[in-house]
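2 protein chains.
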Amino acid sequence: MKLATLANGRPDGRLVLVSPDGERYAGAEGIAPTLQDALERWDEVEPALRALAAELAAGGGTPLAGEALEAPLPRAWQWLDGSAFPNHGVLMQMAYNSPPIETDLPLMYQGMSHCFLAPTADVPVPDEAHGIDFEGEFGVITAAVPMGTSAEEAAGLIRLVVQINDWSLRTLAGPEMRTGFGWVQAKPACSVAPFAVTPDALGEGWSRGRVCLPLEVQWNEAPFGRARGDVMAVSFPELVAHAARTRALPAGTIIGSGTVANVEYRDVGSTCIAERRAIEMIEHGAPVTGFMRFGDRVRMEARGADGATVFGAIDQQVVKG
Amino acid sequence: MKLATLANGRPDGRLVLVSPDGERYAGAEGIAPTLQDALERWDEVEPALRALAAELAAGGGTPLAGEALEAPLPRAWQWLDGSAFPNHGVLMQMAYNSPPIETDLPLMYQGMSHCFLAPTADVPVPDEAHGIDFEGEFGVITAAVPMGTSAEEAAGLIRLVVQINDWSLRTLAGPEMRTGFGWVQAKPACSVAPFAVTPDALGEGWSRGRVCLPLEVQWNEAPFGRARGDVMAVSFPELVAHAARTRALPAGTIIGSGTVANVEYRDVGSTCIAERRAIEMIEHGAPVTGFMRFGDRVRMEARGADGATVFGAIDQQVVKG
């Protein structure tokens, strides 16, 4: 089952279901007006949503042709982002000669959640000197999760899987990280691909609480990376349990994987510029690649074994904000 | 003008106005159903709110007698907490022999905002071993703040002033801070005193973008601290501008001062246990005071020059969650 949100002038948009191939949609507002509402009443609304999804799979619905797709949750009560691909951290530490992060717990920060940008929205940044970078990630959207939920229990509370661009301003990020307080200025609004997908609909693309798909990234239409999501050192259920250790999570909490990164980076590239620069620093002593400029575009998309889009594409440009 | 939220079984409660002495209230749901709604339509609703506040000040309204007061915003789209009292940081660094935080920018982290505890609600914590601590703070609630707003402009976008207990789990806080990612597990839901007050109603208690009032803290009914809020190194308008450098803030954003702390800590005490422990470590080589136990109570209240309560009291106990 694929869910999406169409713009309707209201903050949460309106809920629609999308056909498995992402080509057609059907309004679901008769079942739940918004995705947030559906998540809060999931057990009650899921049968009707599944029935509508079956009609779509059988060929029903209206062609998606230029409808304004929002982020599945244009705003959420909570966004917690992990850093679960160890090779990303290893490269950054080698490049910047910084000590390894000492922790035996998953890494996680809380980011802004009152606005998630639409997948084709312009991305406003005040200054190119901030070091504008994309970060390709996968994420999950949870049911309500009680405090103290185990990873085993959390696996059953993952309602949807999403694909995220966690926009980062690198010049601001290092100084903020060194305060220990995490990131505020360095992490403006994320963008989210248009389709939120139930884990069962991912088939072999969802295993061991991980998204087993490559995330293709293009920067100004040139291939930049194609890293796989299956090598997370910490699974999504473990990230959810970590987040819920001392707090209850509300339905609609979004939890991210951190930048998708593989040890075979020479073959698969990277899903953020900072990591490519780190590799250049390690291999050549200095970074060669610059960060994004106003007018630059980034495209991110995951495709299944059949070549079909899974979450739809993020495809957007950076503009002066 | 004092605003408050009464419990009505819904997530955002219902908006009421409270008399200057905090003794009487009048329902304001005819003007705006919730405080969040009022903040989103402030210019439109302020005249009617002010007219109702004048009736209350003239003796109207109903006695507040046991009504269930929620946090003014039981949930908010964003909570950003500063650390604007330098003596708090100085003491913590001396006690833990940690290097000074290298930054010339205000310190700030993003915390959970989907739940703010009512001022008398029990505070659930899973384990006493987490180092349960209170942190007495002041905070502001903003209008919508455009990205790039200056501190001068931000001063006019502060709608309300609040008093906050930023609950902290100290055993978890140090390791999370050392990751650079900020706090997730160490910062469960904050509590907020019942009355949100417009800056003009604070009189001499609001000057230079700071709350010029002492914050009285009692732990299990024994005086613990009475630190003044006027010595913030960074004002609230400066904190708002810092938060808005690379993002627009939605109406209803809550921005905190960090732990209220004074250089005269020998006279005025502290507003968190960690700071008292730091002083003990500096003066005696080891901490003497333990953290909170289940069943312990904390009370926090700010009083004006006339001795009257300003924000109402936070008065609550810690329970096993």
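Heads up: the protein sequence lines correspond to chains A and B, in order.
Numbered per UniProt numbering, the first sequence finishes at 321, counting up by one with no gaps.
Numbered per UniProt numbering, the second sequence finishes at 321, counting up by one with no gaps.
Even for Gly, the Cβ is constructed at its ideal location relative to N, Cα and C.
Problem set entry | Residues near MET147 (chain A) in its chain [Cβ-Cβ closer than 8 angstroms; skip 5 each side] | ALA244, ARG245, THR246, ARG247, ALA248
For this session: Check whether the Cβ of MET92 (chain B) lies closer than 9 angstroms to any Cβ atom in chain A.
Result: no
Exercise. In angstroms, rounded to a whole number, what distance separates the CA positions of SER150 (chain B) and THR142 (chain B)?
Worked result: 14 angstroms
For this session: Using a Cβ-Cβ cut-off of 9 angstroms, state whether LEU35 (chain A) counts as contacting chain B.
Result: no
Problem set entry | Close beta carbons around GLU275 (chain A), own chain, < 8 angstroms, minus the five adjacent residues each side | Excluding sequence neighbours, GLU275 (chain A) sits near HIS88, LEU91, MET92, THR259, ALA261, TYR265.
Exercise. Buried or exposed: which applies to ASP267 (chain A), given that a residue is buried once 16 or more other Cβ atoms fall within 10 Å of its Cβ?
Worked result: Counting other Cβ atoms within 10 Å of its Cβ, ASP267 (chain A) stays below 16 and is therefore classed as exposed.
Exercise. Name the DSSP bridge partner or partners of PRO223 (chain B)?
Worked result: B:GLN218
Exercise. Going along chain B, which residues have a C-beta under 8 angstroms from LEU80 (chain A)?
Worked result: VAL184
Exercise. Would you report the Cα separation of GLU67 (chain B) and LEU6 (chain B), rounded to the nearest angstrom?
Worked result: Roughly 7 angstroms between the two C-alpha positions.
Problem set entry | Beta-carbon neighbours of GLU23 (chain A), restricted to chain B and to distances below 8 angstroms | Those do not exist, as GLU23 (chain A) stays about 34 angstroms from chain B at its closest Cβ, beyond 8 angstroms.
For this session: Could you name the residues of the region 287–303 of chain B whose beta carbon sits closer than 8 angstroms to any beta carbon of chain A, in the order they occur along the chain?
Result: Result list empty, no residue passes.
For this session: From the DSSP output, read off the bridge partner residues of LYS2 (chain B).
Result: In the DSSP assignment, LYS2 (chain B) forms a beta bridge with B:VAL18, B:VAL197.
Problem set entry | the region 107–119 of chain B in contact with the region 68–79 of chain B per 3-pair CB rule at 8 angstroms | yes
Exercise. DSSP three-state call for ILE31 (chain A): helix, strand or coil?
Worked result: Correct three-state label for ILE31 (chain A): coil.
Problem set entry | Near-chain A residues of the region 173–198 of chain B (beta-carbon distance less than 7 angstroms), N- to C-terminal order | Per Cβ criterion, the list reads PRO175, MET177, ARG178, THR179, GLY180, PHE181, GLY182, VAL184, GLN185, PRO188, ALA189.
Exercise. Taking Cβ to Cβ, would you say MET190 (chain A) is nearer than 9 angstroms to TRP167 (chain A)?
Worked result: The amino acid at residue 190 (chain A) is misidentified as Met; the sequence shows Cys. Yes; because the gap between Cβ atoms is below 9 angstroms, this pair is in contact.
For this session: Taking the CB atoms as reference points, tell me whether ARG209 (chain B) and ALA144 (chain B) lie closer together than 9 angstroms.
Result: Reading off the sequence shown, one finds Gly at residue 209 (chain B), where the question assumed Arg. No. Outside cutoff.
Exercise. Relative to the C-alpha of GLU176 (chain A), which residue among B:GLY182, B:LEU172, B:PRO175, B:ALA173 is closest?
Worked result: B:GLY182
For this session: Going by CA-CA distance only, name the one from B:ALA222, B:ALA28, B:SER207, B:HIS242 that's closest to PRO106 (chain B).
Result: Restricting attention to B:ALA222, B:ALA28, B:SER207, B:HIS242, the CA atom closest to the CA of PRO106 (chain B) is found in B:HIS242.
For this session: Give, in chain order, every unbroken run of the alpha helix (DSSP H) that is at least 4 residues long and sits entirely within the region 118–206 of chain B.
Result: 151–155, 170–179
Exercise. In whole angstroms, what separates the C-alpha of ASP296 (chain A) from that of GLY136 (chain A)?
Worked result: 16 angstroms
For this session: Please confirm if ILE101 (chain B) has its CB atom under 9 angstroms from at least one CB of chain A.
Result: yes
For this session: Give a yes or no on whether the C-beta atoms belonging to THR62 (chain B) and ALA4 (chain B) are separated by under 9 angstroms.
Result: no
For this session: May I ask which residues mark the beginning and end of the beta strand (DSSP E) holding GLU81 (chain B)?
Result: For the sequence presented, residue 81 (chain B) should be read as Asp rather than Glu. Counting along the chain, the beta strand (DSSP E) containing ASP81 (chain B) begins and ends at 79–82.
Exercise. The region 108–125 of chain A: which residues have C-beta closer than 9 angstroms to a C-beta of chain B, in chain order?
Worked result: MET108, TYR109, GLN110, GLY111, MET112, SER113, HIS114, CYS115, PRO124, VAL125
Problem set entry | LYS2 (chain A), buried or exposed, once every other Cβ within 10 Å from all chains shown has been counted against 16 | Of the residues assessed, LYS2 (chain A) falls on the buried side of the cut-off, its CB having 16 or more other CB atoms within 10 angstroms.
Exercise. Buried or exposed: where does VAL298 (chain B) fall if 16 or more other Cβ atoms within 10 Å of its Cβ makes it buried?
Worked result: When all chains shown are included, VAL298 (chain B) counts as buried.
Exercise. For the region 232–262 of chain A, which residues have a beta carbon sitting closer than 7 angstroms to at least one beta carbon of chain B?
Worked result: Shown in chain order are the members of the region 232–262 of chain A whose Cβ falls below 7 angstroms from a Cβ of chain B: ALA243, ARG245, THR246, ARG247, PRO250.
Exercise. Under a Cβ-count criterion, where at least 16 other Cβ atoms within 10 Å of its own Cβ denotes burial, should SER83 (chain A) be classed as buried or exposed?
Worked result: buried
Problem set entry | Residues bridged to ILE314 (chain A) [DSSP beta-bridge criterion] | A:MET300
Problem set entry | Sequence-distant residues of its chain with Cβ nearer than 8 angstroms to ASP122 (chain A) (five each side left out) | GLN316, GLN317, VAL318, VAL319
Exercise. From A:ASP21, A:ILE101, A:ALA278, A:ARG10, pick the residue whose C-alpha is nearest to that of GLY174 (chain B); which is it?
Worked result: A:ILE101
Problem set entry | Distance between THR179 (chain B) and ALA58 (chain B) (C-alpha atoms, nearest Å) | 54 angstroms
For this session: Rounded to whole angstroms, what's the CA-CA distance from PRO11 (chain B) to GLU153 (chain B)? Just pull it up for me.
Result: 32 angstroms
Exercise. Cα separation between PRO194 (chain B) and ILE255 (chain A)?
Worked result: 31 angstroms
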